[in-house]
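Enquirer: Under the working numbering, residue 169 is the last one in the sequence shown; the count climbs by one each step, no gaps.
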Amino acid sequence: NLTSYPIKNSSEFIGFVCGIISQDHDLQYVYADNFRKIAAIVEDAEELDSVIAELESISNTFGTNFVISIGLDKQELSPALQEKVVVAL
81 NLTSYPIKNS SEFIGFVCGI ISQDHDLQYV YADNFRKIAA IVEDAEELDS
131 VIAELESISN TFGTNFVISI GLDKQELSPA LQEKVVVAL
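1) Quick check on valine 218: does DSSP put it in helix, strand or coil?
2) Please classify isoleucine 100: is it buried, with 16 or more other beta-carbons within 10 angstroms of its beta-carbon, or exposed?
3) Pop quiz: phenylalanine 115 and isoleucine 148 are said to be a contact at Cβ under 8 Å. What is the actual Cβ separation, rounded to whole angstroms?
4) Hey, out of Tyr85, Thr141, Ala120 and Ile87, whose CA is closest to isoleucine 150's CA?
5) Using only the alpha-carbon positions, how far apart do valine 122 and histidine 105 sit?
6) Less than 9 Å between the C-beta atoms of leucine 107 and threonine 83, yes or no?
7) Which term fits leucine 128, buried or exposed, when burial requires 16 or more other beta carbons within 10 angstroms of its beta carbon?
8) State the Cα-Cα distance for the pair asparagine 81 and isoleucine 94, rounded to the nearest angstrom.
9) Give the DSSP-derived three-state secondary structure of valine 131 in the structure shown.
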């Protein structure tokens, strides 16, 4: 349960994720539900885009795939993020 850790902002979340990956070199998937909450993202579309871009860079570097549930309608996302949506409920 990630909410048990004192993650105060999205930069700390990225550091936490990198720490996990550094300890588990064959980690293939990270699943994140309620992503904006666990990544400490306030209602800021630019911050969401930035964190997703950082995760994409981490994914490309270390081969770890991220499956995330954002909890927004697809239309509320930036065009760049809309392209990444696989399933919209």
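A virtual CB, placed ideally from N, CA and C, is assigned to each residue, including glycine.
Expert: Put simply:
1) No statement about residue 218 is possible, as the shown extent of the chain runs from 81 to 169 and does not include it.
2) exposed
3) 4 Å
4) Ala120
5) 31 Å
6) no
7) buried
8) 16 Å
9) helix
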